[in-house]
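Below is one structure; the comments refer to it alone.
Protein chains: 2
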Amino acid sequence: MNDIFRGLAFTEDERNRIAGSLQKLSLERKEYLIKPGEIVQNFYYIQSGCLRTYLIDPTGKEHTLQFAVRGWWTSDYIALFGKVNTKSVAYIECIQDAALYKVAKSDFDDLCRKIPKVGRLHVQNLESAFAAFQRRILENLMLPAKARYVAFVQAYPNIEQSVKNYHIASYLGITTESLSRIRREISAG
Amino acid sequence: MNDIFRGLAFTEDERNRIAGSLQKLSLERKEYLIKPGEIVQNFYYIQSGCLRTYLIDPTGKEHTLQFAVRGWWTSDYIALFGKVNTKSVAYIECIQDAALYKVAKSDFDDLCRKIPKVGRLHVQNLESAFAAFQRRILENLMLPAKARYVAFVQAYPNIEQSVKNYHIASYLGITTESLSRIRREISAG
DNA sequence: CGCGACGTTGATTTGCCTCAACGATTGTGG
DNA sequence: CCACAATCGTTGAGGCAAATCAACGTCGCG
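Which chain is which? The protein sequence lines are A and B, in order.
Under this note's numbering, the first sequence has 144 at position 144, and the numbering climbs by one with no breaks.
Under this note's numbering, the second sequence has 308 at position 119, and the numbering climbs by one with no breaks.
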């Protein structure tokens, strides 16, 4: 549990309260954490391994929204933070054997209220996610496929080994064929 | 001031504290709230009018990140929420005469700490923005230009009169020519 | 009125997709 | 541990959506 709130110092009491809200779980490759239609009420913290969040559009194509690796949180945020439904719209698939901590959002909100340090960390995380989303949107608007791929590799330096080629393609919004050609171009020149 | 924290009830004391952190300002069409390189330390609440946030890429093209209308907050969030710099990377331009409230982020953080209701509203706003960003990213990945335009018109029903055609195009990530053709197609049926 | 900003239209080009086939790699059961 | 199947990545040919380049109508404003 210690590395979840890395850098924060807690009292005995706070520590217990936090531990009481967390639940360990582990997942193997190809297992699903969440599937569309399921009720979503938890955050998940990745201790190790790798998960990806994706949706399938009406034409059957997959679109990857997020890869989550060690030290990241994941969930179906559209459901969890959305105004209306709490039913998932996404798949969250384990793509590398993973150890997770689960926290109910309601419990987490309690923690934020009772332990201001945690609340402030949450705000800070949300704010930097906010900035990161804007950067990603801009990147999608500004850069052609090749440059987006380069940016991706820089943003996730060690992820290539865990992730299939077509996962990356669906994150970048291109086909596996295009990604393949892009890689060839890059290694060529 | 009353409509900024719509729905929240405050004590006399809280109300004064809030009012003390706010500063009114007004902006005319074509004036700029922020330009690249400036230090960013404020949020802006739009009382009336319309602003747009955009960047110019190395090739000279504009990319619109956000339109902000009555009831929205705006700022250069990449700078304000980013981990490193506080220097703006974006332009925020007034595209329809506007009345704004300005709040320093540091003052706002204080308010959040001292008036829990405000803090909770902030978290709630950040969380729903989080979900909204994910939806926008997905929309960009999944939908072709025409469908994105339709979605845009639904999301901002009354904005067409304030914004130029090429503003919308640069928000959707297409050219003005393409947008023009899309509109023709739609009006044709 | 005349100029500049904006929107539209047409012709051509291009980046990426689709479809199809074929290597390479991984995983599995005998 | 090998053989085979399934999954995944690569390559090529052709097509399409949107970009680019260029010209022209239109509207609003000084």
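Don't be surprised by glycine CBs; every beta carbon is placed ideally from N, CA and C.
Check                                                                                                                                                                  : Outcome
Bridge partners of Phe133 of chain A, per DSSP?                                                                                                                        : Answer is none; Phe133 of chain A lacks a bridge partner.
Which whole runs of the alpha helix (DSSP H) in the region 36 to 87 of chain A are 4 residues long or more, in chain order?                                            : 77 to 81
What span of residues does the beta strand (DSSP E) with Leu361 of chain B cover, start to end?                                                                        : Careful: Leu361 of chain B lies outside any beta strand (DSSP E), inside the alpha helix (DSSP H) at Asn354 to Leu361.
Looking at the secondary structure, which residues open and close the alpha helix (DSSP H) in which Leu8 of chain A lies?                                              : Run containing Leu8 of chain A: none; DSSP gives neither H nor E here.
Which two residues bound the contiguous alpha helix (DSSP H) that contains Lys335 of chain B?                                                                          : Ala334 to Ala344
Just to make sure I have the definition right: I need the residues of chain A whose C-beta is within less than 7 Å of the C-beta of Asp202 of chain B. Which are they? : Chain A residues near Asp202 of chain B: none, gap ~20 Å exceeds 7 Å.
Which residues in chain B sit within 9 Å of Ile115 of chain A, going by Cβ to Cβ distance?                                                                             : Going along chain B, no residue has its Cβ under 9 Å from Ile115 of chain A, so there is no contact; the nearest lies around 14 Å.
Are the C-beta atoms of Ile137 of chain A and some chain B residue less than 8 Å apart?                                                                                : yes
Using a Cβ-Cβ distance cut-off of 8 Å, determine whether Tyr149 of chain A contacts chain B.                                                                           : no
With distance defined between alpha-carbon atoms, name the residue in A:Asn165, A:Ala79, A:Asn16 and A:Gly82 nearest to Lys114 of chain A.                             : A:Asn16
Find out if the Cβ-Cβ distance for the pair Tyr280 of chain B, Lys224 of chain B is shorter than 8 Å.                                                                  : yes
Give me whichever residues DSSP pairs with Lys24 of chain A in a beta bridge.                                                                                          : A:Tyr101
Within 8 Å, do at least three Cβ pairs link the region 296 to 316 of chain B to the region 212 to 219 of chain B?                                                      : no
Buried or exposed: Thr59 of chain A, going by 16 or more other Cβ atoms within 10 Å of its Cβ?                                                                         : exposed
Quick one, which residues of the region 156 to 171 of chain A are near chain B if we go by CB-CB under 7 Å, in chain order?                                            : none
Can the beta-carbon of Val123 of chain A be found closer than 8 Å to that of Leu310 of chain B?                                                                        : no
With DSSP as the reference, please indicate the residues paired to Gln96 of chain A in a beta bridge.                                                                  : A:Cys50
Using the three-state DSSP reduction, which class does Ile348 of chain B fall into: helix, strand or coil?                                                             : coil
Is the number of C-beta pairs between the region 190 to 210 of chain B and the region 175 to 189 of chain A that are closer than 8 Å three or more?                    : no
Just to make sure I have the definition right: I need the residues of chain A whose C-beta is within less than 7 Å of the C-beta of Tyr266 of chain B. Which are they? : Phe130, Ala131 and Gln134
Less than 8 Å between CB atoms is the rule here; does Phe194 of chain B satisfy it with respect to chain A?                                                            : no
Considering only residues of the same chain and omitting the five flanking positions on each side of Arg372 of chain B, which have a CB-CB separation below 8 Å?       : Tyr338
Looking at chain A, which residues of the region 250 to 261 of chain B have a Cβ within less than 9 Å of any of its Cβ atoms?                                          : Lys250, His252, Thr253, Leu254 and Gln255
Of the choices A:Ala79, A:Ser21, A:Ser128 and A:Cys94, whose alpha-carbon is the least far from that of Val273 of chain B?                                             : A:Ser128
The alpha helix (DSSP H) that contains Ile4 of chain A, what's its start and end?                                                                                      : Ile4 of chain A -> no alpha helix (DSSP H), and no H or E assigned at all.
Where do the ends of the alpha helix (DSSP H) carrying Ile304 of chain B lie?                                                                                          : No alpha helix (DSSP H) holds Ile304 of chain B; DSSP gives it neither H nor E.
Cα-Cα, which of B:Gln255, B:Ala208, B:Leu244 and B:Phe194 is closest to Ala344 of chain B?                                                                             : B:Gln255
When you compare each of B:Ile363, B:Thr263 and B:Glu220 to Gln236 of chain B by their alpha carbons, which one comes out closest?                                     : B:Thr263
What does Asp299 of chain B touch in chain A if you count any residue whose Cβ is under 8 Å from its own?                                                              : Going along chain A, no residue has its Cβ under 8 Å from Asp299 of chain B, so there is no contact; the nearest lies around 12 Å.
With a threshold of 8 Å between beta carbons, is Asn42 of chain A in contact with chain B?                                                                             : no
Where does Tyr32 of chain A land, buried or exposed, given buried means 16+ other C-beta within 10 angstroms?                                                          : exposed
Using a 10 Å radius around the Cβ and a threshold of 16 neighbouring Cβ atoms, would you call Asp265 of chain B buried or exposed?                                     : buried
Is any beta-carbon of chain B found at less than 8 Å from that of Glu127 of chain A?                                                                                   : yes
Between Ala99 of chain A and Trp72 of chain A, what straight-line distance do the alpha-carbon atoms span, to the nearest angstrom?                                    : 12 Å
At 9 Å on the CB atoms, spell out the chain B contacts of Val123 of chain A, in chain order.                                                                           : Asp298, Cys301, Gly308, His311, Val312 and Leu315
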